[in-house]
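In the working numbering, the protein residues as written are 11 to 372.
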């Protein structure tokens, strides 16, 4: 049923549009030629059979399409809209025992107040979300040996600055931009990066200056996000000591209460050093299909504050992606995006990323 609705995924929507177009042409043909009822019904039956076959083969209808996160989760300043790039996998058959997958990329924005789709934008493997910068969401584009940038409006998904416009208005930055996005980080609406000339820079949207601090920030992100993916998207504090953050995470995993889960893949998802608490996930059993649990642990009291089931996560993602909000947690669990209220722990948003609609509408 949901395969016959536009959902934002480009390959699906293209073929669905073709199918609808062919159906409309068929109806016009029948109306003009005034074919007999039997012939008209036969043509419609053939159309339905062929269109279903095309949608299954080319449009992903009725087929497995697991989804994993491809970026951190970002929000606007009011924390009313969440944006993330996700990757969907299409099984393209197998040969010699090897399964061949085709990846599809989509930038998805969800309204956290209504739980509805805000917008979607088709993407590619050459694009990387960098973070909040200059009043929008910065996107890095790999262009052969060169790097390009564009700026999206978080509320609408429309380009504030296209690649061409960004290049024209910020030429000094583009001149030293690498084709890879790994050596770039946006913190507190400031950009820190390593240039293709080997120097480290700071860019505030107006002036590009060499800055040795940039190397420290980029190194900190590498070490922290190896254990805490997406940490810098949530914690806009570039002067934090990354060693302290890493040590705190390891201490959490060493706690006796947490070691009880050591065979169930416990993973620190987020930490708050000031409050001395950590958010962790673990799998209920060792089966891949088992539900994941989310746990808030208090390091001062050395006890679990609460525990909540967040559902199964597909094998392509394995671990949830978390973004801490003022009043809740955004949790991407592969095929779904959830918002968990900090106080009540109710799932105030449940959004399906395959169909790009709230779960309660399905």
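Cβ coordinates follow ideal geometry from the N, Cα and C atoms, glycine included.
Computed from a predicted model, the values in this text were never measured in an experiment.
Please state the DSSP three-state secondary structure of residue 302. strand
Of all the options 27, 153 and 262, which has the alpha carbon lying nearest to the alpha carbon of residue 287? 262
Under 7 Å: does the beta carbon of residue 170 sit that close to some heavy atom of the ligand ATP? As far as ligands go, the structure on display features none, and thus does not contain the ligand ATP.
Any chance the segment 166 to 174 sits against the segment 221 to 232, with 3 or more Cβ pairs inside 8 Å? Not touching, per the Cβ criterion.
Residue 295: which of 274, 192, 278 and 307 sits nearest, CA to CA? 274
Given residue 167 as reference, the closest of 148, 179 and 153 once Cα atoms are compared: 148
Identify which residue in 337, 276, 130 and 17 has its Cα closest to the Cα of residue 328. 276
For residue 195, count the other beta carbons within 10 Å of its own beta carbon; 16 or more makes it buried, fewer makes it exposed. Which is it? It is buried - the Cβ of residue 195 has at least 16 other Cβ atoms within 10 Å.
Hey, could you find the ends of the alpha helix (DSSP H) residue 210 is sitting in? First-last for residue 210: 210 to 213, but that is the beta strand (DSSP E), not the alpha helix (DSSP H).
For residue 339, does the count of other Cβ atoms within 10 angstroms reach 16, so buried, or fall short, so exposed? By the neighbour-count criterion, in which a residue is buried when 16 or more other Cβ atoms sit within 10 angstroms of its Cβ, residue 339 is buried.
Inter-stretch contact at 8 Å, needing at least 3 Cβ pairs: the segment 55 to 66 / the segment 109 to 125: Here the segment 55 to 66 does not lie against the segment 109 to 125, with fewer than 3 beta-carbon pairs under 8 Å apart.
Is the Cβ-Cβ distance between residue 279 and residue 264 less than 8 Å? no
Cβ neighbours of residue 135 in the same chain (closer than 7 Å, five flanking residues each side left out): 113 and 115
Going by beta carbon distance, what residues of the same chain come within less than 8 Å of residue 207, once the five residues before and after it are set aside? 186
Inspect the beta-carbon positions of residue 243 and residue 361 and report whether they are closer than 8 Å. Between residue 243 and residue 361, the C-beta gap is not smaller than 8 Å, which leaves the two residues out of contact.
Does DSSP classify residue 207 as helix, strand or coil? In this structure, residue 207 counts as coil in the three-state DSSP scheme.
Across which residues does DSSP place residue 139 in a beta bridge pair? 149
Indicate the three-state DSSP secondary structure (helix, strand or coil) for residue 9 in the structure shown. Summary: the structure shown does not reach residue 9, with the chain confined to residues 11 through 372, and so no result is reported for it.
Pick out whichever of 368, 282 and 267 has its Cα sitting closest to the Cα of residue 256. 282
If you compare alpha carbons, which of 215, 162 and 163 is closest to residue 179? Among 215, 162 and 163, the Cα nearest to that of residue 179 belongs to 215.
8 Å CB neighbourhood of residue 8 in its chain, flanking five on each side removed: In the structure displayed, the chain extends from 11 to 372; residue 8 sits before or after that span and is not available.
Which residues share a DSSP beta bridge with residue 272? In DSSP, residue 272 forms no bridge with anything.
Between 63, 137 and 222, which has its C-alpha nearest residue 156's C-alpha? 137
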